[in-house]
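Just so we're aligned, residue 0 is where the sequence shown starts under numbering that gives the first Met the number 0, counting upward by one.
Accompanying notes for the structure given below.
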Amino acid sequence: MSIQLALPTLIDTHCHLDYDYAPKSEAELVQEAHAAGVSHLVTIGTEMASIEKLPLISARYPHVYHTVGIHPHEAVTFKDGDLELLREAAKHPKCRAIGEIGLDYHYDHSAPEVQKKVLEMQLTLALEVKQPIVIHSREGEEDLLIALTRYAKQVPAGAPVGIIHCFTGTRAFGEACLKLGFLISFSGIITFKKADDLRALVKDFPLNQILVETDSPYLAPIPNRGRKCEPSMVKLTAMKVAELKGISLEDVALTTTQTAKKFFRIAD
């Protein structure tokens, strides 16, 4: 059955459709998002197992794309042969980036030196296969910025550089990333009560370098706190961006969707 999309349409640039949303099914999530005006979804890789699961998911839906990459939490599991598997997975016709990759020093799932090594390998891979990157960053900004600066200088002029996903960083880090050509993606966190500093950044960062995401099933925006987040909820984040910038939801949707389509090479 064809669904008439509600306007304006949005893109959920970061969700995890391979995670547990019980009692809802993957198909229900995708259908409900589409009915809510989410024209496309990008389901994000985090571990080696996802390089097999995500292509199957994106193949089931014409408006779903995927990425492949090893999350910093999983860096300790990276072993000989995995880089070649990622290289092959990145060639899939619906793979649109290497990610999510990065540094996370908040938790100790993987030692910092291991994280940095696996990150560098994946940055090199991204340049090799000509894919942009999706970055996870938490409490490792100094080390991460060094790596991202080196990477960004090697990206061909005019090519998409990367996304700092679910941005919760400092103003200085965000501004440095913007100067390098990165996009900043905001999640439902900007609706949370204690996110005043983050809301100030939404106001100040240029709309044409902003994306919206859910990071579902995590971080459900208000008024859905305590529930599993779903891709359809990306509209609530877009509405908050519009409110903070004093512009219409239509303007936010048009600009962020255009930016996301260019980054992820989405033509339809």
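Idealized CB from N, CA, C, for every residue including glycine.
Values in this document were obtained by computation on a predicted structure and should not be read as measured data.
With DSSP as the reference, please indicate the residues paired to G101 in a beta bridge. Residue pairing from DSSP places G101 in a beta bridge opposite H135.
Put G173 into one of helix, strand or coil per three-state DSSP. G173: helix per DSSP, three-state reduction.
Measure the alpha-carbon distance for T66 versus I134 and round it to whole angstroms. In a straight line, the C-alpha of T66 is about 12 Å away from that of I134.
For M0, the three-state DSSP class (helix, strand or coil): For M0, the predicted structure reports a pLDDT of 38, less than 50, and the residue's modelled location is therefore unreliable. A value from the coordinates is still provided. Correct three-state label for M0: coil.
My guess is that V128 and K90 are in contact by the Cβ rule of under 8 Å, so how many angstroms apart are they, rounded? The pair is a contact, with the Cβ atoms about 7 Å apart (cut-off 8 Å).
On a Cα-Cα basis, can you pick out the residue from A34, A252, D107 that is closest to P7? In this structure, A252 is the residue among A34, A252, D107 with its C-alpha nearest to the C-alpha of P7.
C-beta atoms of H62 and S38 nearer than 8 Å: For H62 and S38, yes; Cβs fall inside 8 Å.
Please return the same chain residues whose Cβ sits closer than 6 Å to the Cβ of E138, not counting the five positions on each side in sequence. The residues are Y104, H105.
What does DSSP give as the partner residue(s) for L182 in the beta ladder? For L182, the pairing in a beta bridge is given by DSSP as I162.
Okay, do the stretch 255-264 and the stretch 203-218 touch, 3+ Cβ pairs below 8 Å being the bar? Touching, yes, given that three or more Cβ pairs across the two stretches are closer than 8 Å.
Run of the beta strand (DSSP E) containing S38, from where it starts to where it stops: Run containing S38: 37-42, per the beta strand (DSSP E) assignment.
Would you mind giving the Cβ-Cβ distance between H164 and S109, rounded to the nearest angstrom? I have them listed as a contact below 8 Å. The beta-carbon separation of H164 and S109, rounded to 18 Å, does not stay under the 8 Å limit for a contact.
Taking 8 Å as the cut-off, decide whether the C-beta atoms of I162 and S184 are in contact. Yes, the Cβ-Cβ distance between I162 and S184 is below 8 Å.
Could you check the C-alpha separation between A171 and A21 for me, to the nearest Å? Near 39 Å, if we compare the C-alpha coordinates of A21 and A171.
Chain-order list of residues whose beta-carbon lies under 6 Å from that of A88 (same chain, five-residue window excluded): I50, V67, listed in sequence order.
Assess contact between the stretch 141-152 and the stretch 75-89, defined as three or more Cβ pairs (one per stretch) separated by less than 8 Å. Is contact present? Contact between the stretch 141-152 and the stretch 75-89 is absent, with fewer than three C-beta pairs closer than 8 Å.
Taking the alpha helix (DSSP H) that V154 falls in, what are its first and last residues? Premise fails: V154 is in no alpha helix (DSSP H) and is neither H nor E.
Can you pull the DSSP bridge partners for V67? Bridge partners of V67: I97.
Which residues in the same chain as L226 place their Cβ atom closer than 7 Å to its Cβ, once the five residues preceding and following it in sequence are excluded? Here residue 226 is Arg; the residue named in the question, Leu, does not match the sequence. Spatial neighbours of R226 in its own chain (CB-CB distance under 7 Å, excluding positions within 5 residues in sequence) are listed in chain order as A219.
By how many angstroms is the C-alpha of D17 removed from the C-alpha of E25? So the two alpha carbons sit approximately 8 Å from each other.
Expressed to the nearest angstrom, what Euclidean distance is found between the alpha-carbon atoms of K202 and I43? Taking C-alpha positions only, K202 is separated from I43 by approximately 27 Å.
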